[in-house]
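To start, the structure under review is shown below, and the notes come after it.
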Amino acid sequence: MKTFAKSNDANHMLWLLNSLLIVVLFTGCSKDEKTLRKSPLTTAVSQNTIIDKSEVSIMSALGSGWVEYSPTKKIHLDNADGLQIFDWTTYKSVGSPICADYSYSNGIETFRIVNNNSNRSEIRLQNDYSQGSRQFDGYVTFSSPLNDESLMQIFGSTSGATELMIRGYAADGGSIKGAGQTLATNIYGKEVHINVIHLQEDKGNRIKIYINGVKKADIADNEAVTNYMKYGNYGTLTTGTATVKWRNVKVYRDGTAPD
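Below you can see the structure in the form of structure tokens.
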């Protein structure tokens with residue numbers, strides 16, 4: 002009888018241990034299931050964070066509804082014979098010895114005017130437009146001795162060649178001027194973020210210039226013409242070699258300017 006009792010006690014203990022093990026396993030599985038249920042959400046948040054970072058680095062357009070696009074680029078260089086136009090490539094020069102050149106590396110475009118046999122090293126965007134909205138976006142750097150050279154243009158005008166020209170100067174430690182205003186000072190050797198929004202007559206009739214995200218100029222368009230955009234280094238050389246660097250240039254269309 003004692004032996005039988007001990008056997009029953011042992012069986013009872015085994016039953017209790019099995020029950021406890023089942024509870025532990027069930028609880029563990031439940032936690033794992035909860036963890037798995039949370040994983041997609043965590044992954045989604047992580048992916049959204051990555052997407053947001055990507056949008057910050059890629060989509061630096063100001064306003065809303067902008068669509069990035071990639072118009073064909075042409076390299077414009079001047080030599081003693083005048084304007085020379087080339088299909089885009091990572092390096093092109095004119096003159097012997099070189100009087101102007103253009104180069105591209107890792108998102109940075111470098112425009113040099115070396116001597117007075119040239120007054121131009123530019124990219125001409127084949128983005129001719131007469132309606133709608135366009136935005137130019139990029140980061141520019143220039144240093145001494147550059148003075149009085151065009152950095153960016155909206156080409157086409159009823160009263161001259163260009164509707165807008167943004168230029169770099171030596172004054173005030175390096176400055177940027179455009180739309181009849183000084184847009185930035187003390188910027189020699191410093192990267193400056195420039196956004197130019199052009200709203201044709203059917204979209205608001207305005208040209209807006211932003212420096213490092215801050216609106217610095219807002220002028221009327223008032224010219225019903227076909228426009229296109231250029232950027233780089235353009236003007237009569239008054240100093241030694243003039244160098245302009247543009248980084249991460251992008252263009253957008255069909256958006257709305259900030260309020």
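Per this note's numbering, the sequence shown starts with residue 2, numbered consecutively.
Built from N, CA and C at the ideal position, the CB exists for glycine as well.
- Looking at the backbone, the Cα of Y211 and that of S97 are separated by about 39 Å.
- Where K231 is concerned, the enclosing beta strand (DSSP E) starts and stops at Y229 to Y235.
- Look at A180 here: in three-state DSSP terms it is coil, with no helix or strand label.
- A distance below 8 Å separates the beta carbons of A171 and S145.
- A distance below 8 Å separates the beta carbons of Q132 and D203.
- DSSP places G83 within a strand segment (E or B) once states are collapsed to three.
- In the displayed model, G169 falls within a strand according to three-state DSSP.
- A residue is called buried once 16 or more other Cβ atoms fall within 10 Å of its Cβ, and D260, having fewer, is exposed.
- In this structure D222 is buried. Its beta-carbon is surrounded by 16 or more other beta-carbon atoms within 10 angstroms.
- Given a length threshold of 3 residues, each whole run of the beta strand (DSSP E) inside the segment 95–138 is given here in chain order: 101–106, 109–114 and 121–126.
- The Cβ atoms of I177 and I188 lie closer than 8 Å to each other.
- The Cβ atoms of Q182 and L165 lie no closer than 8 Å to each other.
- In the three-state reduction of the DSSP assignment, D203 falls in the helix class, which pools H, G and I.
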